[in-house]
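In the numbering used here, the protein residues as written are 28 to 759.
Built from N, CA and C at the ideal position, the CB exists for glycine as well.
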């Protein structure tokens, strides 16, 4: 932290304190007459105790402690909120003196006012919360509760206790924030078919904390059906709820205990004022971060940019189409407070004026007071935060795109512009990158196998780097591999033993090349069938490497023979998929159209393939979508010897329709350009053959390896490097 002249530092500290009103004293216990045992205990301690009981299989105790941890956390937030409301008027008498007193006494009156407020909060919270319960919790605990993991444990606990209604409720609450958790989705389907579980069980227990998203989705649905009156009403309620949630978040920032900043080698009185300023800046930063927190859906990684302004944009359009022109003018003026020079908004305002004709009173409607107050307060905070960045070595990331440039000090504007440009580029990527593929593959190469034909290409499949090749296998080869699957595939292979990993209406069986080789060595399978399974992977690799014109070597990353079978008598009224829409090498967020290339996604995958073995079943079609995971762009029906290949990145989201009758078998294949991520199980299988003096199909990886130096050295992909890959278990 930069050292400033004494009088300047003191002034800045008071200025920050005056605006932020923080509770900058660590919490202490309440009045001496309080019974400590009746006070709220630390909810993180209760949670850890509940987890210990869970793993000790003490189900009754685990349920009690886990529920108590959730209740205690909510009670703590409620106490803070109530105390904040009760203390708002504390120190008003001292505050009034600030306007009347002159000279050097101003600082003393300000300090008196702040002290009264801080003492009020500290005393009020101390009456209901134990000293330990007032301390900040770890970031790990914050993550556990934000990801709703307590409900994950509760679901199992209540199931063990045979309290199915409560188990279903916990499962549903967890799933809302973790929609890609396939096992929980599976469990929910099972609960729906259990006796004693009613529809009321499937309610989100955290609904009150995420109500803005329920309203947001409801408003979008009314828009889609062109019910503009209802849409306008829902958008209005959604805006108000978003503002309310924002205020709630800001209150929690102020009422929560704050850690004192470290003493950066300053032992004089100036150090105390610098700490006070730094603490106040931390509080301001916390308040500003509420924008991101409220704009992030449960279970999502990223916030929706411009969440509040985008709602206002939807609202004024809905009001206009519903005939409420005066309301549309007020909403549009509110939106213009965020973006005063936006051409589209100014054009719309002119259109509304023309529609109103001579109604000058409606034309003069001013922006909503709540929005004006919100922006004014936010700008004051931003000015102080940027001032802290420039003069006090404080770190701050602005969560808003609408921040005016004149708020930012001249010395920081270049960096600020660069950061803003990065955010805008990310938004454009989400909007425009539907057809952009940076995988390095270029569809349209030759097909080096006699009898193989290109049935569907990018144009027919309405996408980028997609192909369907027919004639890759003969009927005899398909029959051999089907017999291999029937005799050797094991239930749940590739899914940690889970027979129905994606849907309870289908069972999965799988077989890897290495396991097939081991079974063949034990005399349980024909060696030729195991070798054929291995060779088919090489055949597909050669075809796709040539067709997609890979500039570097292409290595098999994982091979998995997998069959999914419809559960007899359990198919009526199915609305689920055999495999939900996903992307093979990143985590897809349909709402934002972003795909995050980070674990647990298989970030090393570059090219994907499916080699089908049969067609005597119903359903089971592969389909491609846009990044919204809804707009289907192409469908592919399986048949013997049909190979589907596509780049594994975000231009190719895909899923599989429900298999409603019969058994669908295919060889799932993934390929990588990096030798580091090759499938070591295949090499182990080849080594076993070689040890027995048997020949195997020689791969030409080393021949192609030298085409590009990129394949010679391993490097990190995504956020961190990975060790050798011995198996990826995420089927197509």
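Practice item. State the Cα-Cα distance for the pair residue 13 and residue 637, rounded to the nearest angstrom. Key: Any property of residue 13 remains undetermined from this structure, which presents the chain solely from 28 to 759.
Review point. Roughly how many angstroms lie between the CA atoms of residue 615 and residue 171, to the nearest whole one?
Key: Taking the chain shown and counting its residues from 1, one reaches residue 615 at position 588. Taking the chain shown and counting its residues from 1, one reaches residue 171 at position 144. Spanning the two alpha carbons is a distance of roughly 22 Å.
Point to revise | Backbone CA spacing between residue 707 and residue 697 [nearest angstrom] | key: Here residue 707 refers to the residue found at position 680 of the chain shown. Here residue 697 refers to the residue found at position 670 of the chain shown. Between the alpha carbons of residue 707 and residue 697 lies a gap of roughly 13 Å.
Exercise for review: Compare the Cα-Cα distances from residue 469 to each of 203, 68, 651, 571 and report the closest residue.
Suggested key: Numbered from its first residue, the chain shown carries residue 469 at position 442. When only C-alpha atoms are compared, the closest one is 571.
Point to revise | Rounded distance between the beta-carbons of residue 689 and residue 644, thought under 8 Å | key: Within the chain shown, residue 644 is the residue found at index 617, counting from 1. Within the chain shown, residue 689 is the residue found at index 662, counting from 1. So it is a contact: roughly 3 Å between Cβ atoms.
Exercise for review: Pick out the complete alpha helix (DSSP H) segments inside the segment 193–253, 4 residues or longer, and give them in chain order.
Suggested key: 209–219, 238–251
Review point. Leaving out five residues before and five after residue 250 in sequence, what residues of the same chain have Cβ atoms less than 6 Å from its Cβ?
Key: As a working mapping, residue 250 is identified with position 223 in the chain shown. Cβ neighbours of residue 250 beyond the five flanking positions: 258.
Review point. Would you call residue 51 buried or exposed, if buried means 16 or more other Cβ atoms sit within 10 Å of its Cβ?
Key: Mapped onto the chain shown, residue 51 falls at position 24. In this predicted model, residue 51 has a pLDDT of only 39, less than 50, meaning its place in the structure is not dependable; the value taken from the coordinates is given anyway. Per the 10 Å Cβ criterion, buried.
Check your understanding: Considering residue 674, what are the terminal residues of the beta strand (DSSP E) in which it resides?
Key -> Translated into positions along the chain shown, residue 674 becomes position 647. Start and end: 670–674.
Check your understanding: Which residue spans inside the segment 438–524 form an unbroken beta strand (DSSP E) run of at least 3?
Key -> 480–483, 493–497
Check your understanding: Hey, quick one: how far does the beta strand (DSSP E) through residue 582 stretch, first residue to last?
Key -> Working through the chain shown from its first residue, we reach residue 582 at position 555. It spans 582–593 - the beta strand (DSSP E) in which residue 582 sits, taken as one unbroken run.
**Study point:** Any 3 or more C-beta pairs closer than 8 Å across the segment 141–150 and the segment 321–332
**Key:** no
Practice item. Tell me where the beta strand (DSSP E) around residue 8 begins and ends. Key: There is no way to answer for residue 8, as the model of the chain reaches only from 28 to 759.
Review point. Given residue 661, which residues of its chain have a CB within under 8 Å of its CB, disregarding the five upstream and five downstream residues?
Key: Locating residue 661 in the chain shown gives position 634, where the first residue counts as 1. Cβ within range, chain order: 483, 487, 488, 489, 490, 493, 650, 651.
Review point. Which same chain residues, not among the five before or five after residue 642, have their C-beta less than 6 Å away from its C-beta?
Key: Here residue 642 is taken as the residue at index 615 of the chain shown, counted from 1. Counting only Cβ-Cβ distances below 6 Å, and skipping sequence neighbours, we find 665, 666.
Exercise for review: Could you tell me which of 195, 507, 91 sits nearest to residue 563, measuring between CA atoms?
Suggested key: What you label residue 563 is simply residue 536 of the chain shown in a count that begins at 1. For residue 563, the nearest C-alpha among the options comes from 507.
**Study point:** Range covered by the beta strand (DSSP E) that runs through residue 400
**Key:** The residue you call residue 400 lines up with position 373 of the chain shown. Here residue 400 belongs to no beta strand (DSSP E); instead the alpha helix (DSSP H) covers 396–418.
Exercise for review: Taking the CB atoms as reference points, tell me whether residue 695 and residue 639 lie closer together than 8 Å.
Suggested key: As a first step, residue 695 is located in the chain shown; it is residue number 668 there, counting from the start. As a first step, residue 639 is located in the chain shown; it is residue number 612 there, counting from the start. Judged by their CB atoms, residue 695 and residue 639 are not nearer to each other than the 8 Å cut-off.
Check your understanding: With residue 537 and residue 588 assumed to form a contact (beta carbons below 8 Å), what rounded beta-carbon distance in angstroms separates them?
Key -> Here residue 537 is taken as the residue at index 510 of the chain shown, counted from 1. Here residue 588 is taken as the residue at index 561 of the chain shown, counted from 1. Confirmed, about 6 Å.
Check your understanding: How far does the alpha helix (DSSP H) with residue 697 in it reach, from first residue to last?
Key -> Indexing the chain shown from 1 puts residue 697 at position 670. Element bounds for residue 697: not the alpha helix (DSSP H) but the beta strand (DSSP E), 690–699.
Review point. Exposed or buried, residue 655, counting other C-beta atoms within 10 Å across all chains shown (16 or more means buried)?
Key: Taking the first residue of the chain shown as 1, we reach residue 655 at position 628. Label assigned to residue 655: exposed.
Review point. If you follow the alpha helix (DSSP H) that residue 362 is part of, which residue opens it and which one closes it?
Key: To locate residue 362, count along the chain shown from 1; it is residue 335. Per DSSP, residue 362 belongs to the alpha helix (DSSP H) from 352–365.
Practice item. Indicate whether the contact test is met: 3 or more Cβ pairs, each with one atom in the segment 196–207 and one in the segment 224–232, closer than 8 Å. Key: Per the Cβ contact rule, the segment 196–207 is in contact with the segment 224–232 (3 or more Cβ pairs under 8 Å).
Exercise for review: Compare the Cα-Cα distances from residue 330 to each of 191, 628, 108, 620 and report the closest residue.
Suggested key: Within the chain shown, numbered from 1, the residue matching residue 330 stands at position 303. Comparing Cα positions, the closest option is 620.
Practice item. Determine the extent of the beta strand (DSSP E) in which residue 681 is found, giving its start and end residues. Key: In the chain shown, the residue the question calls residue 681 occupies position 654. 681–683 is the span of the beta strand (DSSP E), which, as asked, contains residue 681.
Review point. Using the beta-carbon count (16 or more within 10 Å), is residue 686 buried or exposed?
Key: Along the chain shown, one-based indexing puts residue 686 at 659. Looking at its Cβ environment, which holds 16 or more other Cβ atoms inside 10 Å, residue 686 is buried.
Review point. For residue 421, which three-state DSSP category applies?
Key: Walking along the chain shown from the start, residue 421 turns up at place 394. If DSSP states are grouped into helix, strand and coil, residue 421 belongs with coil.
**Study point:** Between the CA atoms of residue 466 and residue 629 - distance to the nearest angstrom
**Key:** Translated into positions along the chain shown, residue 629 becomes position 602. Translated into positions along the chain shown, residue 466 becomes position 439. Whole-angstrom Cα-Cα distance: 15 Å.
Check your understanding: What residues in its chain sit with their C-beta under 6 Å from that of residue 221, if we drop five residues either side in the sequence?
Key -> Position 194 of the chain shown, counted from the start, is the residue given in the question as residue 221. Hits under 6 Å: 191.
Practice item. Pick helix, strand or coil for residue 706, following the three-state DSSP scheme. Key: Residue mapping note: residue 706 aligns to position 679 of the chain shown, counting from 1. It is a strand residue.
Check your understanding: Hey, would you say residue 335 sits closer than 8 Å to residue 412, going by beta carbons?
Key -> As a working note, residue 335 is residue 308 in the chain shown. As a working note, residue 412 is residue 385 in the chain shown. No.
Point to revise | Whole-Å CB distance - residue 76 paired with residue 92, under 8 Å assumed | key: One-based indexing of the chain shown puts residue 76 at position 49. One-based indexing of the chain shown puts residue 92 at position 65. With 8 Å as the limit, residue 76 and residue 92 qualify as a contact, their Cβ atoms being about 5 Å apart.
Practice item. Pull up the CB-CB distance for residue 263 and residue 245, whole angstroms please, since I reckon it's below 8 Å. Key: Stepping through the chain shown from its first residue, residue 263 is reached at position 236. Stepping through the chain shown from its first residue, residue 245 is reached at position 218. That belief does not hold up - the Cβ atoms of residue 263 and residue 245 are roughly 12 Å apart, past 8 Å.
Practice item. Taking only the alpha-carbon atoms, compute the straight-line gap between residue 327 and residue 175 and give it to the nearest angstrom. Key: If you number the chain shown from 1, residue 327 lands on position 300. If you number the chain shown from 1, residue 175 lands on position 148. Straight through space, the alpha carbons of residue 175 and residue 327 are spaced by roughly 12 Å.
Review point. If we ignore side chains and look at the alpha-carbon of each, how far apart do residue 526 and residue 201 end up?
Key: Here residue 526 refers to the residue found at position 499 of the chain shown. Here residue 201 refers to the residue found at position 174 of the chain shown. If you take the alpha carbons of residue 526 and residue 201, they lie about 22 Å apart.
**Study point:** Cα-Cα separation between residue 188 and residue 512, rounded to whole angstroms
**Key:** Counting from one through the chain shown, the residue named residue 188 turns up at place 161. Counting from one through the chain shown, the residue named residue 512 turns up at place 485. Rounded to whole angstroms, residue 188 to residue 512 spans 39 Å at the Cα level.
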